[in-house]
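Student:
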Amino acid sequence: MKKNYFLFFILLFSMFYSQVVNIPDANFKAKLLEANTTNNIAKDLNGNSVKIDQNNDGEIQVSEAENISKISLNNSDIDFIFYFFNFMNYTGIVKDIYSIEGINSFKNLQLLDCSYAKLSSIDFTNLTKLSDLYCNNNLITSFTNFQEVNSLFALDCSNNQMTSLDLSQASVNNSTGRNEVLFRFNNNNFQYLNLQNNRNTAWMCLCSWMDCPFPAYSTVNSCKYVPSLYGNPNLTEVKINCGEKFYYEYTYSNQFSFTENCAVSATQESDFAKKFRIYPNPANDFIAIDTKEAISEISILDFSGKIVFAKKDKFTNISLHHLPKGNYVMKIKTLEKTFSYKFIKN
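Right under this line is the structure:
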C-alpha cells in the first residue's frame, strides 16, 4: 500500500514539473518550436540563442518556457539600440499568427518581438519582467492586464487599432540602469494617452522613432524630441510628466490637450516637510538641503524640463551661480522614492 502511495506521489510530481503550455494558435506554436541555437527566435536566461523544446517532444513544458528571456517572431537578434536605429526602413513579413496565448507561461521574458502579425490583443499576465516590447503592425485594439508590466524600457505599438494606453505604471520598476524610456505609438486610433510614468522628467527620453540622433550610441538623455502623436485623429487627452508640456506644445501647438502631473498632494507635502528642509526660497547664489535621508541623486530642472544640474551624491549646498533667474524643480531621489521641490532663483 505504501509503495502505491509512493508511486502516486512520484506520478503527481512528474506531471507537475512536465506541465505542457497550452498554445492554441498552431502557427505561433510552430514558430516557437522552430527555435534553435542559430535562428534568433529565442534566447535563454543567459542571453544565448536556444532551442525551446529541449526534450524534443513537440510540446513546450512550463519549465522550458521559464528558461526563456527573449522571443522574436521575426528571427531578429534585436535590442533597443538596434531596433530604434536600424528598423527605420524595416518592413516585416506579416505572419498568420492571430494569438500568442501561452506567452504568459514565459514569466521570465524580458523582450518580446511579435510585430508584423495579426494579433488583436495581448494578455500580459505574469510578464512582470518585460522591458522591451515590439508589437507594431498588428491589429491590436487593447492590452489586457497591462498593469502587471512595470519594468518597461522600450515600446513600439505603432500601426495598430488601440484607443487608449496607460503607461503611468509601466516603467516604475525599470532596473536597466538607463535613465530613459523609448515609446513609439503613432498611427493608432487613440483617444486617451497617459504618459505620466511618475519618475524624474529626464528619466523619460522624449524621442520619437528616429528623431533622436543617439550620437555614437551614447546616453540618450540629451535628446528632447517628443513621441509622435500623428496618425491618431481622435486623440483628445494626453497626460504627460511635469516639465514636459513645453516640448509637446512647442511641437503640436493647439492640436492636442496636454495635462501635466505637477500637483503635489497634501500628504506628499507633509511627508516632504518631515524629511527635508530646503532654504532659502527664493534663492540667490546657493540653495541648501538639510536632511537625515540617504540621498542617492539630486537633479534640478528648468521650466522647460531640461536638466541643469545632476549629481549622484548628497550635497549640503548647491551653487546656483550658473543658473539664470526663473522657476526650477529640484528632484531628490532616495532609496524609497523621488521627491519634487519647486524653488525660485532670483
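In the numbering used here, the protein residues as written are 4 to 349. Glycine is no exception: its CB is placed at the ideal position from the N, C-alpha and C atoms. On a predicted model such as this, the values are computed, not experimentally measured, just so you know.
Quick one: what does DSSP say serine 299 is sitting in, helix, strand or coil?
Tutor: Stepping through the sequence shown from its first residue, residue 299 is reached at position 296. Note: serine 299 maps to strand in three-state DSSP.
Student: Assuming isoleucine 100 contacts asparagine 30 (C-beta within less than 8 Å), just tell me the rounded distance between them.
Tutor: For the purposes of this step, residue 100 is taken as residue 97 along the sequence shown, with counting starting at 1. For the purposes of this step, residue 30 is taken as residue 27 along the sequence shown, with counting starting at 1. About 5 Å; that satisfies the 8 Å criterion.
Student: Mind checking which residues open and close the alpha helix (DSSP H) that includes alanine 157?
Tutor: As a working mapping, residue 157 is identified with position 154 in the sequence shown. Careful: alanine 157 lies outside any alpha helix (DSSP H), inside the beta strand (DSSP E) at 157-159.
Student: For the stretch 291-308 against the stretch 323-340, are there 3 or more C-beta pairs whose distance is under 8 Å?
Tutor: yes
Student: Leaving aside the five residues before and after isoleucine 143 along the sequence, list all residues of the same chain whose C-beta is less than 8 Å from its C-beta, in chain order.
Tutor: By 1-based counting over the sequence shown, the position of residue 143 is 140. These residues qualify, in order along the chain: Leu122, Ser123, Ser124, Ile125, Cys160, Asn163, Gln164 and Met165.
Student: Looking only at its own chain, which residues have a Cβ that is under 6 Å from the Cβ of asparagine 141, when we skip the five neighbours before and after it?
Tutor: Here residue 141 refers to the residue found at position 138 when the sequence shown is read from its first residue. Around asparagine 141: Ala120, Leu122 and Asn163.
Student: Report all residues from its chain with a CB closer than 6 Å to the CB of phenylalanine 146; omit the five preceding and five following residues, and keep chain order.
Tutor: The residue given as residue 146 occupies position 143 in the sequence shown. Excluding positions up to five away in sequence, the list reads Ile125.
Student: Jot down the residue ranges of each uninterrupted beta strand (DSSP E) in the stretch 94-177, minimum 3 residues, whole runs only, in chain order.
Tutor: 114-116, 124-126, 135-137, 145-147, 157-159 and 167-169
Student: Look at the alpha carbon of lysine 242 and the alpha carbon of aspartate 60, and state the distance between them as a whole number of angstroms.
Tutor: For the purposes of this step, residue 242 is taken as the residue at position 239 of the sequence shown. For the purposes of this step, residue 60 is taken as the residue at position 57 of the sequence shown. Distance between the alpha carbons of lysine 242 and aspartate 60 is about 49 Å.
Student: Mapping the DSSP letters down to three states, classify phenylalanine 31 as helix, strand or coil.
Tutor: For this step, residue 31 is matched to residue 28 along the sequence shown. Helix at phenylalanine 31.
Student: In angstroms with no decimal places, state the Cα-to-Cα distance between phenylalanine 127 and asparagine 244.
Tutor: Stepping through the sequence shown from its first residue, residue 127 is reached at position 124. Stepping through the sequence shown from its first residue, residue 244 is reached at position 241. Using only the alpha carbons, I get a separation of about 25 Å.
Student: For glycine 180, which residues of its own chain have a beta-carbon under 8 Å away from its beta-carbon, when the five flanking residues on both sides are left out?
Tutor: Taking the sequence shown and counting its residues from 1, one reaches residue 180 at position 177. Because the pLDDT at glycine 180 is just 48, under 50, the model does not fix this residue reliably, and the point stays unresolved.
Student: Please name the residue in Lys32, Asn235 and Glu240 whose C-alpha comes closest to that of leucine 196.
Tutor: If you number the sequence shown from 1, residue 196 lands on position 193. Checking every option, the nearest Cα to that of leucine 196 belongs to Glu240.
Student: In chain order, what residues of the same chain lie with their CB nearer than 8 Å to the CB of asparagine 148, ignoring the 5 residues before and after it?
Tutor: Start at 1 with the first residue of the sequence shown, and residue 148 comes out as number 145. Within the same chain, asparagine 148 has close Cβ partners Asp126, Phe127 and Thr128.
Student: On the DSSP letters alone, give me the boundaries of the alpha helix (DSSP H) that valine 65 sits inside.
Tutor: The sequence position of residue 65 within the sequence shown is 62, counting from 1. Start and end: 65-68.
Student: Taking only three categories from DSSP, how would you classify glutamate 339?
Tutor: On the sequence shown, residue 339 is found 336 positions in, with the first residue counted as 1. Coil.
Student: Who are the near neighbours of asparagine 89 in its chain, counting only those whose CB is closer than 6 Å to its CB and skipping five residues on each side?
Tutor: Locating residue 89 in the sequence shown gives position 86, counting from the first residue. With a pLDDT of only 47 at asparagine 89, under the threshold of 50, the placement of this residue in the model should not be trusted, and no figure is reported.
Student: Answer with buried or exposed for tyrosine 253, where buried requires no fewer than 16 other C-beta atoms within 10 angstroms of its C-beta.
Tutor: What you label residue 253 is simply residue 250 of the sequence shown in a count that begins at 1. Exposed is the call here.
Student: Spell out the partners DSSP gives valine 23 in its beta bridges.
Tutor: Against the sequence shown, residue 23 aligns to sequence position 20. For valine 23, which the question treats as bridged, DSSP gives the partners Gln64.
Student: Check whether the Cβ atoms of arginine 280 and aspartate 293 sit closer than 8 Å, and answer yes or no.
Tutor: For the purposes of this step, residue 280 is identified with residue 277 of the sequence shown, where counting begins at 1. For the purposes of this step, residue 293 is identified with residue 290 of the sequence shown, where counting begins at 1. Between arginine 280 and aspartate 293, the gap from beta carbon to beta carbon is short of 8 Å.
Student: For asparagine 320, which residues in the same chain have their Cβ closer than 6 Å to its Cβ, ignoring the five residues on either side in sequence?
Tutor: Position 317 of the sequence shown, counting from 1, holds the residue named residue 320. Hits under 6 Å: Phe289 and Ala291.
Student: Whole angstroms is fine: what's the gap from proline 230's alpha carbon to asparagine 58's?
Tutor: Sequence index remark: in the sequence shown, residue 230 carries index 227 (1-based). Sequence index remark: in the sequence shown, residue 58 carries index 55 (1-based). Straight-line Cα distance between these residues: approximately 44 Å.
Student: Go ahead and pull the three-state DSSP assignment for phenylalanine 90.
Tutor: Here the question's residue 90 lines up with position 87 in the sequence shown. For phenylalanine 90, the pLDDT reaches just 48, beneath the cut-off of 50, and the residue's location in the model is therefore unreliable, although a value from the coordinates is still provided. DSSP places phenylalanine 90 in coil when its eight states are reduced to three.
Student: Alpha carbon to alpha carbon, how far is alanine 286 from tyrosine 251? Give it in angstroms, no decimals.
Tutor: Indexing the sequence shown from 1 puts residue 251 at position 248. Indexing the sequence shown from 1 puts residue 286 at position 283. So the two alpha carbons sit approximately 29 Å from each other.
Student: With phenylalanine 259 as the anchor, note down where its beta strand (DSSP E) starts and where it stops.
Tutor: What you label residue 259 is simply residue 256 of the sequence shown in a count that begins at 1. Unbroken run through phenylalanine 259: none, as it is neither H nor E.
Student: Short check: CB of asparagine 77 to CB of glycine 105, under 8 Å?
Tutor: Here residue 77 refers to the residue found at position 74 when the sequence shown is read from its first residue. Here residue 105 refers to the residue found at position 102 when the sequence shown is read from its first residue. In this structure, glycine 105 does not lie closer than 8 Å to asparagine 77 by Cβ.
Student: Assuming contact is defined by CB atoms lying nearer than 8 Å, are glutamate 67 and lysine 110 in contact in what I supplied?
Tutor: Residue mapping note: residue 67 aligns to position 64 of the sequence shown, counting from 1. Residue mapping note: residue 110 aligns to position 107 of the sequence shown, counting from 1. Cβ atoms of glutamate 67 and lysine 110: not closer than 8 Å.
Student: Determine the closest residue to serine 322 out of Lys295, Tyr282, Phe342 and Arg187, with distance taken between C-alpha atoms.
Tutor: On the sequence shown, residue 322 is found 319 positions in, with the first residue counted as 1. Here the closest residue by C-alpha is Tyr282.
Student: Express the C-alpha separation of tyrosine 137 and leucine 232 in angstroms, rounding to a whole number.
Tutor: Translated into the one-based positions of the sequence shown, residue 232 becomes position 229. Translated into the one-based positions of the sequence shown, residue 137 becomes position 134. Distance between the alpha carbons of leucine 232 and tyrosine 137: 17 Å.
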